[in-house]
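This report concerns only the one structure given below.
Numbering (my numbering), first residue to last: 380 to 779.
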């Protein structure tokens, strides 16, 4: 059973399994972690100083129909502290135990962290004490525009990748004169989905459970990128708080475009910066980042003369750079490097991957750097597939 299906199923057991104490899974954690050690399962029995509504955060926000009464009951300092305490207890008891999740794996402590992220997002409030999820329900772009109250942003320019030539990483889209194209107004095309139960069901309907058309753009007829909202919404306290909370958590936005954030900063005259947890640019977020300019520049060039057989990983270690960057910046084979000139990043402290792993798991094994630091030092890596022998940066680049 898919883990979120398990979480939804558990909520139906509440009336049968809940006791006088509130726990995250109503005592039914063995249904989520069916092969976990006994000590790990016992850790989830730690009581939470929370209302029972905490258990509903396994559902998608759109299906909860949140109300101010619900959020008043949910949000308290005691509940937030008890969630952190539970995370510590699970981390100690469960170690690296994990379970299948969305085609990959999620650890027991990461699942508690996911609940904490959704809890904190639910409880975001502005300085007037209004819950941001309630404030968001009042955002209506078309109403603002029709009443003459919409101030449309000045900065929305974005350049999008062009994959028409088969380039895996894309290149900036250009017209026949070499001018970069802004494709931000292109319509979004949803995939078609055919079901034996219901024909002509679109991918949007199937995967997103038919969210209402007016929800996509908060009353606008087409979805809007964050930097395209009227300033009355875009620069509001809750809009910026939700944007920041999502981007600075690994559970939030997985697709962060520097172009969009820089536009928001200019539109709203902001002087603070974000620290993205998942800065993987604009496409193929789960495979490789796209961090190009109009013309790729090179931090340094090296000359290599083939005297003995050398792989990309060998060359990366010798020149103190990440293997993924060498592959990204050069026309080069993994298992055999030929004589020639190659572009490499500025040198860094490197480590060699021992066995197949993911980026976050590797960072956890080090214990002395953050996810954000590792992502920023290795922006060409495949984060879910660090391979044995691959060289990665475990420190910032420096001028040689």
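For every residue, glycine included, the Cβ atom is placed at its ideal position computed from N, Cα and C.
Predicted model, so just to flag it, every value in this text is computed and none were measured.
Residue i versus residue j - alpha carbon distance
| i | j | result |
| --- | --- | --- |
| residue 460 | residue 408 | 21 Å |
| residue 769 | residue 449 | 49 Å |
| residue 574 | residue 483 | Here the model assigns residue 574 a pLDDT of 43, short of 50, so the residue's position is not dependable, and the following value carries that caveat. So the alpha carbons of these two residues sit roughly 26 Å apart. |
| residue 514 | residue 638 | 26 Å |
| residue 731 | residue 700 | 11 Å |
| residue 335 | residue 615 | Residue numbering for the chain in the displayed model covers 380 to 779; residue 335 lies beyond these limits and cannot be assessed. |
| residue 475 | residue 486 | 6 Å |
| residue 443 | residue 435 | 8 Å |
| residue 663 | residue 480 | At residue 663, the pLDDT of 39 sits below 50, so the modelled position is not reliable and the matter cannot be decided from this model. |
| residue 504 | residue 527 | 27 Å |
| residue 670 | residue 681 | Here residue 670 scores only 40 on pLDDT, less than 50, and its place in the model should not be relied on; the value that follows carries that caveat. Cα to Cα, residue 670 sits roughly 21 Å from residue 681. |
| residue 698 | residue 744 | 24 Å |
Option nearest residue i by Cα separation, candidates the options
| i | options | result |
| --- | --- | --- |
| residue 506 | 768, 403, 618 and 734 | 618 |
| residue 773 | 424, 708, 702 and 715 | 702 |
| residue 458 | 474, 497 and 415 | 497 |
| residue 764 | 437, 517, 753 and 738 | 738 |
| residue 729 | 756, 433, 719 and 524 | 756 |
| residue 631 | 473, 681, 499 and 430 | 499 |
| residue 491 | 455, 529 and 404 | 404 |
| residue 416 | 473, 529, 447 and 609 | 473 |
| residue 511 | 414, 622 and 432 | 622 |
Residue interval of the beta strand (DSSP E) (run including residue i)
| i | result |
| --- | --- |
| residue 496 | Looking at the DSSP string, residue 496 is not in any beta strand (DSSP E); the run it does join, the alpha helix (DSSP H), is 487-501. |
| residue 719 | 719-723 |
| residue 731 | 729-731 |
| residue 770 | 770-772 |
Cβ-based neighbour list, residue i, same chain, cut-off 8 Å, excluding 5 preceding and 5 following
| i | result |
| --- | --- |
| residue 733 | 767 |
| residue 627 | 653, 654, 655 and 656 |
| residue 716 | 683, 685, 689, 690, 691, 693 and 694 |
| residue 342 | Residue numbering for the chain in the displayed model covers 380 to 779; residue 342 lies beyond these limits and cannot be assessed. |
| residue 709 | 721 and 722 |
Cutoff 7 Å; reference residue i; Cβ partners in own chain excluding five residues on either side
| i | result |
| --- | --- |
| residue 778 | 725 |
| residue 775 | 727 and 756 |
| residue 711 | 691, 705 and 721 |
| residue 488 | 466, 469, 470 and 473 |
| residue 447 | 510 and 513 |
Continuous alpha helix (DSSP H) stretch holding residue i: start and end
| i | result |
| --- | --- |
| residue 693 | 691-697 |
| residue 681 | First-last for residue 681: 679-683, but that is the beta strand (DSSP E), not the alpha helix (DSSP H). |
Same chain, Cβ closer than 6 Å to residue i, five either side skipped, listed in chain order
| i | result |
| --- | --- |
| residue 529 | 523 and 609 |
Between the stretch 521-540 and the stretch 642-650, can you find at least three pairs of beta-carbon atoms closer than 8 Å? Between the stretch 642-650 and the stretch 521-540 there are three or more C-beta pairs closer than 8 Å, enough to call the two in contact.
Closer than 8 Å is the cut-off here; do at least three beta carbon pairs connect the stretch 415-431 with the stretch 466-475? Yes, they touch.
Three or more C-beta pairs below 8 Å linking the stretch 743-759 and the stretch 678-691: Contact between the stretch 743-759 and the stretch 678-691 is absent, because fewer than three Cβ pairs lie under 8 Å.
Assess contact between the stretch 602-618 and the stretch 515-531, defined as three or more Cβ pairs (one per stretch) separated by less than 8 Å. Is contact present? Yes, since at least three Cβ pairs between the stretch 602-618 and the stretch 515-531 fall closer than 8 Å, the two stretches touch.
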